[in-house]
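One structure is given here, and the rest of the page talks about it.
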Amino acid sequence: MAGRVRILPARGQLLISTDLHGNHEDFRRLRAVFFALREAAERPDLVHWASLGDLVHGPSPVARRRDALRFGYPDQSPELVEAMIELRERFPDNFHLLLGNHDHGHIGGPHTSKFYVDEVEMLERRMSAKAIERMHALFRGALLAVAAPCGLLLCHGSPDEQIPSLEQLDALEPSGDDELAQRSMLRTLLTSYGQPRESTSKLLGQLSRPQLQLRVVVHGHDVDLDGWYTEHGNQACPVLFGAPPAKRRYLVVDLGARYDQAQDLRDGAEVRHLYPELV
1 MAGRVRILPA
11 RGQLLISTDL
21 HGNHEDFRRL
31 RAVFFALREA
41 AERPDLVHWA
51 SLGDLVHGPS
61 PVARRRDALR
71 FGYPDQSPEL
81 VEAMIELRER
91 FPDNFHLLLG
101 NHDHGHIGGP
111 HTSKFYVDEV
121 EMLERRMSAK
131 AIERMHALFR
141 GALLAVAAPC
151 GLLLCHGSPD
161 EQIPSLEQLD
171 ALEPSGDDEL
181 AQRSMLRTLL
191 TSYGQPREST
201 SKLLGQLSRP
211 QLQLRVVVHG
221 HDVDLDGWYT
231 EHGNQACPVL
241 FGAPPAKRRY
251 LVVDLGARYD
261 QAQDLRDGAE
271 VRHLYPELV
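Per UniProt numbering, residue 1 is the first one in the sequence shown, and the count goes up by one each step.
Put into structure tokens, the structure is as follows:
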């Protein structure tokens with residue numbers, strides 16, 4: 001597939017991280033993990049990193065004062081955009097950026113208002129015309145999903161069963177003015193926090209193939225103070241943004257293994273702390 005879905009190989013390692021929202025220190029640590037995995041691997045070309053969207057829109061000064069533990073960092077969204085562009089150029093086959101709903105606002109999607117009335121306008125006001133153009137190009141080229149034979153489907157949100165096939169997901173155009181059904185599919189991909197077990201099971205069945213049996217949705221978009229949660233055995237969310245630093249989590253999974261339920265992602269093995277020195 002060459003559109004909005006990337007299918008990974010059945011061997012190697014995959015680093016999975018979620019919403020950054022302008023946090024450059026979280027990004028710096030994740031990048032160091034990626035480089036360390038490549039350094040330790042016999043085949044660095046089989047080490048992948050999927051970043052599951054919401055790269056931009058960090059906390060306002062008011063939010064930083066009100067909750068310094070969770071939101072007490074400067075919004076470095078423009079710098080993160082440039083760093084992601086550099087990673088994509090350096091590792092085009094191994095670094096996979098997914099679109100989040102906050103990113104979507106910059107290429108035609110609804111404008112978000114988590115920290116400001118219009119976060120799209122607020123961020124672009126800080127950036128040069130050239131920087132805005134580069135950011136738009138980055139988000140227009142972002143993926144909507146990553147699928148792996150180990151059983152995982154990666155998305156920004158946890159979508160429902162209205163997506164009928166991997167082919168239709170691959171053909172979605174987030175920056176276009178598509179028909180109602182396609183806009184609805186984008187909405188569930190980018191803004192859903194979780195689904196009933198039956199809905200996710202149906203979705204995974206519809207998107208599966210003989211050599212690509214999908215069993216668990218790994219997503220971002222949500223906030224959890226513990227930094228990690230699973231739902232109904234088929235959904236999992238490692239949380240960075242909104243969790244205290246000591247609780248922020250990411251995943252490192254074995255692409256040659258099988259994850260048939262969310263509980264197969266084990267704390268201390270696949271599920272790892274971004275700030276282990278604080279645990």
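All C-beta atoms, glycine included, are put in the ideal place defined by N, C-alpha and C.
- Using a Cβ-Cβ distance cut-off of 8 Å, the segment 158-167 and the segment 14-24 are not in contact, since fewer than three pairs of beta carbons, one from each stretch, lie closer than that value.
- CA-to-CA, the gap between Arg-125 and Gly-100 works out to about 20 Å.
- Approximately 7 Å separates the beta-carbon atoms of Cys-237 and Gly-220; this is inside 8 Å, confirming the contact.
- Between the C-alpha atoms of Arg-197 and Asn-234 there is a straight-line separation of about 7 Å.
- About 19 Å separates the CB atoms of Arg-249 and His-232; that is not less than 8 Å, and the two are not in contact.
- When the alpha-carbon of Ser-158 is set against those of Leu-52, Thr-112, Leu-87, the nearest one is in Leu-52.
- Listed in chain order, the beta strand (DSSP E) elements of length 3 or more contained wholly in the segment 44-110 are 47-51, 95-97.
- For secondary structure counted as the alpha helix (DSSP H) over 4 or more consecutive residues, the segment 143-186 holds these complete runs in sequence order: 166-171.
- In the three-state reduction of the DSSP assignment, Leu-278 falls in the helix class, which pools H, G and I.
- Beta-bridge analysis with DSSP links Gln-235 to Val-217, Glu-231.
- Note that the C-beta distance between Leu-152 and Val-216 is below 8 Å.
- Going by DSSP, Val-33 is part of the alpha helix (DSSP H) stretching over 24-40.
- The continuous stretches of beta strand (DSSP E) do not include Arg-125, which lies in the alpha helix (DSSP H) extending over residues 119-125.
- For the pair Asp-45 and Val-117, the Cα-to-Cα distance works out to about 43 Å.
- Under a 10 Å Cβ-count criterion, Pro-61 is classified as exposed, with fewer than 16 other Cβ atoms of the shown protein chains found around its own Cβ.
- When rounded, the separation of the alpha-carbon atoms in Arg-90 and Arg-4 is 20 Å.
- DSSP, reduced to helix, strand and coil, places Ser-113 outside both helices and strands of the structure shown, so it counts as coil.
- DSSP places Arg-209 in the strand class (E or B) of the three-state scheme.
- By the 16-neighbour rule on beta-carbons within 10 angstroms, Pro-245 is buried.
- The C-alpha of Asp-67 lies about 11 Å from the C-alpha of Ala-243.
- Membership of Leu-138 in the alpha helix (DSSP H) is indicated by the continuous run 129-140.
- Secondary structure of Arg-197 (DSSP, three-state): helix.
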